[in-house]
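For reference, the structure is listed below as C-alpha cells.
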Amino acid sequence: MNHRTNDLIMLFNDLFREAFGTVLVKGGAEPEYLPAGSAGKLAQIVFAHGYYASALHEISHWCIAGEHRRTLHDYGYWYCPDGRTPAQQRAFEQVEVKPQAIEWLFSVAAGARFHISLDNLTGNGASDDADFRRRVLEQAEDYLARGLPERAQSFFDTLQSFYGTGSTFDKAWREDVTRVVPLFSEKRTL
Numbered sequence: 001m002n003h004r005t006n007d008l009i010m011l012f013n014d015l016f017r018e019a020f021g022t023v024l025v026k027g028g029a030e031p032e033y034l035p036a037g038s039a040g041k042l043a044q045i046v047f048a049h050g051y052y053a054s055a056l057h058e059i060s061h062w063c064i065a066g067e068h069r070r071t072l073h074d075y076g077y078w079y080c081p082d083g084r085t086p087a088q089q090r091a092f093e094q095v096e097v098k099p100q101a102i103e104w105l106f107s108v109a110a111g112a113r114f115h116i117s118l119d120n121l122t123g124n125g126a127s128d129d130a131d132f133r134r135r136v137l138e139q140a141e142d143y144l145a146r147g148l149p150e151r152a153q154s155f156f157d158t159l160q161s162f163y164g165t166g167s168t169f170d171k172a173w174r175e176d177v178t179r180v181v182p183l184f185s186e187k188r189t190l
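Counting in the working numbering, the sequence shown runs from 1 upward without gaps.
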C-alpha cells in the first residue's frame, strides 16, 4: 500500500479545515501545534520531516486536545527533549498513552506500520517498556470497545474508507497486537 503524507494532508484538511479551522502541514525537524492567531487564521498541526507516522501521531494529539488546549502552543504541554531522567520519562509516558493508542488505530486503519515511541534514545529509555506497551494496547482496545473521541473516530473512519481497510481491520488489528506487544499477547491467549 502506498502511504503518502499528501493523502493525509488532503484527508485531514477536507475533514477539519472548515469545521475546526485547523490544517495539517508538513514541517521540518520538530513537530509543533500552532493555534490560530499565532500561525495565521487557521491553526496548524505541523508534523516532522514529512514522515507519515509523525503526521498520524500529531493528528492523534489534536484529536484528544480539548477546546482550551487547542488555543495553546503545543496544547500547553511541556516537552523535555531526548535524554530525560527516569521521572521525566514516566511523566512523558503518562501523557503519551492515549495519543499513541489512537495513532496505532489510525496506522492499522491506513494499513501502515506502527511503532511504539519512547522518544528517549539518549536517556534511560522507558521506565518499563513492557508496561508502557501494555497500557497503550489497553487504551487502544478500550477505544475499540467504547468508541474513539469524536474527531478521532471521524478520521479513523475516513482512513478506513480511503485505504479500503474496513473489512480487514479486525484481522489486521489482532496481527499487529501480536507484533507490537508480543509477550502480553501470548499471556492473553493462554
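Note that beta-carbon positions come from the ideal geometry of N, C-alpha and C, so glycine has one too.
### Environment of Y163 [buried if 16+ CB atoms lie within 10 Å]
When all chains shown are included, Y163 counts as buried.
### Task
Indicate the three-state DSSP secondary structure (helix, strand or coil) for T122 in the structure shown.
Here the model assigns T122 a pLDDT of 48, short of 50, so the residue's position is not dependable and the matter cannot be decided.
### Query
How far does the alpha helix (DSSP H) with A19 in it reach, from first residue to last?
Per DSSP, the continuous alpha helix (DSSP H) segment holding A19 begins and ends at 5-20.
### Task
Would you mind stating whether T85 and P35 have Cβ atoms separated by less than 8 Å?
With contacts defined as CB atoms closer than 8 Å, T85 and P35 fail to qualify as a contacting pair.
### Euclidean distance between Cα positions of I45 and W62
Straight-line Cα distance between these residues: approximately 8 Å.
### Message
Which residues does DSSP list as the beta-bridge partners of E32?
### Response
E32 pairs with V46.
### Task
Tell me, please, whether the segment 12-27 touches the segment 152-170 by the rule of three or more beta-carbon pairs shorter than 8 Å.
Of all C-beta pairs linking the segment 12-27 to the segment 152-170, three or more are shorter than 8 Å, placing the two stretches in contact.
### Query
Just the Cα atoms here: how many angstroms apart are F114 and T158?
It is roughly 18 Å from the alpha-carbon of F114 to the alpha-carbon of T158.
### DSSP state of V25 mapped onto helix, strand, coil
V25: strand per DSSP, three-state reduction.
### Message
Using CA atoms only, rank isn't needed, just tell me which of L56, E58, V95, E150 is closest to D132.
### Response
It is worth fixing the name first, because residue 132 is Phe in this sequence and not Asp. Looking only at L56, E58, V95, E150, the smallest Cα-Cα distance to F132 is reached by V95.
### Query
On the three-state DSSP scale, how would you describe S38?
Secondary structure at S38: coil, using DSSP grouped into helix, strand and coil.
### Query
Should K41 be listed as close to the ligand FAD, given that the test is whether its C-beta is under 7 Å from any heavy atom?
Absence of the ligand FAD from the depicted structure is noted, as is the absence of any ligand whatsoever, leaving it without description.
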